[in-house]
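Take the position in the sequence shown, starting the count at 1, then add 9; the result is the number in this note's numbering.
Comments concern the structure below.
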Amino acid sequence: MGSDLRDCSISAGPVGSPSTKGDWRHSPVCYTLFAFFSHSAYVATFEPRDVSHALSDSNWVNATHEELENFERNHPPPNYRPIGTKWVFKNKQGENGMVVRNKARLKERIDYEETFAPVARLEAIRILLAFAASKGFKLQQMDVKSAFLNGFIEEEEYVRQPFGFESARFPDRVYKLRKALYGLKQAPRAWYDRLKSFLLKSGFVMGSVDKTLFLVSHGGDTLIVQIYVDGIIFGGSSHALASSFAEQMSREFEMSLMGELQFFPGLQIKQGPEGTFVHQVKYTRDILKKFEMGDSNPMTTPMSTNTALDAVEDGEAVDQKEFRGMIGSLLYLTATRPDIQFAVCLCSRYQASPRTSCRTEMCD
């Protein structure tokens, strides 16, 4: 590696097209370093604590301006009681954990997250992956930018101007919402209704059981669309039909086309001619780090064969909140590791009053 670094001498030049000394392209180490630092020039790798922290970095300033431009572009602004607003800053990560986008979201003061939006179940995603593999076509992925701002709301709502971004001319005025805002209880519903209405008008048929599944047929070819809040997974027997759908969506909404499906929340997906493989390596490493379990011992079986879990009244108590967090994290891991499901469900019986033996069993 040392020789690779010495051979790679990148002189100053515009980002993306540097002048070089030597044939640096033949050095994988140098190429990786160049790609990493070039990428880092466009995104911040940290998540701000608050607005003041965000304003200290130009990448996050750009993200906040992009969100406000989306806000204006979708026409979401007098006198009811205005609702307070807050900034929520999140990094979007790719398959390898590298930050690919800084996302600043202007939300209603009480942050309800995205829990109220209809989402595809993991079982449905696995079925879709299996079906696509059996039919020999690959699934694609795209995201709707600032999806919730596309939803129409029937209620009359007003919000205060976000802290740090007040209008110099009208600092005391408020915004009147014409469309949904992140954090409003009705925002996920409004976005889902907007997308559903568009798909149905485009000739799609909604699934009778799974309301996030849509299908359309043209000339013997079939296209399948699965929605997950602002993410859309799609694919079909005709590549032309899939490309046409992507173009149609881009005309109606502002889209991020992400190509072949490789990363779904918590899942890493590899589609190839020999089959489709799903794993959660990154997610597993994340939960090991979160719960400080990196030094856990490897096991040959999903659970110990000689450990007896303590009864509720026996043993030393452990932190209930942390224990429940472990259970929830491991339950999501069963999406690709069904062999651990029995052990996790057994430990979950002790959530009301967890003991040391229960935590030890999970750490092992």
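Even for Gly, the Cβ is constructed at its ideal location relative to N, Cα and C.
These numbers were taken from a predicted model, which means no experiment stands behind them.
Neighbour-count burial assignment, residue i, 16 or more Cβ in a 10 Å radius
{"i": "Val214", "result": "exposed"}
{"i": "Gly284", "result": "exposed"}
{"i": "Arg358", "result": "exposed"}
{"i": "Phe429", "result": "Outside the shown range of the chain (10 to 373) lies residue 429, about which nothing can therefore be said."}
{"i": "Ser366", "result": "buried"}
Nearest neighbour of residue i, chosen from the options [CA to CA]
{"i": "Ile236", "options": "Val353, Ala156, Asp304 and Gly284", "result": "Ala156"}
{"i": "Glu269", "options": "Phe262, Glu261 and Gln280", "result": "Gln280"}
{"i": "Asp66", "options": "Leu193, Asn111 and Lys101", "result": "Asn111"}
{"i": "Gly173", "options": "Glu263, His62 and Val287", "result": "His62"}
{"i": "Lys185", "options": "Pro197, Leu204, Gln277 and Phe161", "result": "Phe161"}
{"i": "Gly334", "options": "Asp295, Asp348 and Glu325", "result": "Asp295"}
{"i": "Glu165", "options": "Glu325, Leu193 and Lys144", "result": "Leu193"}
{"i": "Lys144", "options": "Met151, Gln150 and Ile136", "result": "Ile136"}
{"i": "Met264", "options": "Cys356, Ile233 and Ile242", "result": "Ile242"}
{"i": "Met151", "options": "Thr221, Pro347 and Met258", "result": "Met258"}
Inter-residue spacing [alpha-carbon to alpha-carbon] between residue i and residue j
{"i": "Pro363", "j": "Val327", "result": "6 Å"}
{"i": "Thr73", "j": "Asp181", "result": "21 Å"}
{"i": "Ala177", "j": "Gln170", "result": "11 Å"}
{"i": "Gly11", "j": "Tyr167", "result": "Per-residue confidence for Gly11 stands at a pLDDT of 40, beneath the threshold of 50, marking its modelled position as unreliable; the derived number appears in the next sentence. Using only the alpha carbons, I get a separation of about 59 Å."}
{"i": "Cys54", "j": "Leu138", "result": "As written in the sequence, residue 54 is Thr, which differs from the Cys given in the question. So the two alpha carbons sit approximately 32 Å from each other."}
{"i": "Val238", "j": "Val128", "result": "6 Å"}
{"i": "Leu266", "j": "Ser206", "result": "21 Å"}
{"i": "Ala344", "j": "Gln289", "result": "9 Å"}
{"i": "Met302", "j": "Phe273", "result": "24 Å"}
{"i": "Asp230", "j": "Ser247", "result": "6 Å"}
CB contact below 8 Å: residue i versus chain D
{"i": "Ala326", "result": "Checking the listed chains, one finds no chain D in this structure; it contains a single protein chain."}
Residue i - DSSP class collapsed to helix/strand/coil
{"i": "Thr54", "result": "coil"}
{"i": "Ala196", "result": "helix"}
{"i": "Gln3", "result": "Nothing can be reported for residue 3: it is not among the residues displayed for the chain, which extend from 10 to 373."}
{"i": "Met267", "result": "strand"}
{"i": "Asp131", "result": "Per the sequence shown, residue 131 should be read as Leu rather than Asp. In the structure shown, Leu131 sits in a helix (DSSP, three-state: H, G or I)."}
{"i": "Ser226", "result": "strand"}
{"i": "Leu64", "result": "coil"}
{"i": "Thr231", "result": "strand"}
Residue i CB to nearest heavy atom of the ligand ADP below 7 Å
{"i": "Pro180", "result": "The ligand ADP is absent from the structure shown, which contains no ligands of any kind."}
Whole beta strand (DSSP E) runs in the segment 283-349 with 3 or more residues, listed along the chain? Those beta strand (DSSP E) runs which fall completely within the segment 283-349 and span 3+ residues are 284-288.
Quick one: complete alpha helix (DSSP H) runs, 4+ long, within the segment 147-213? 196-210
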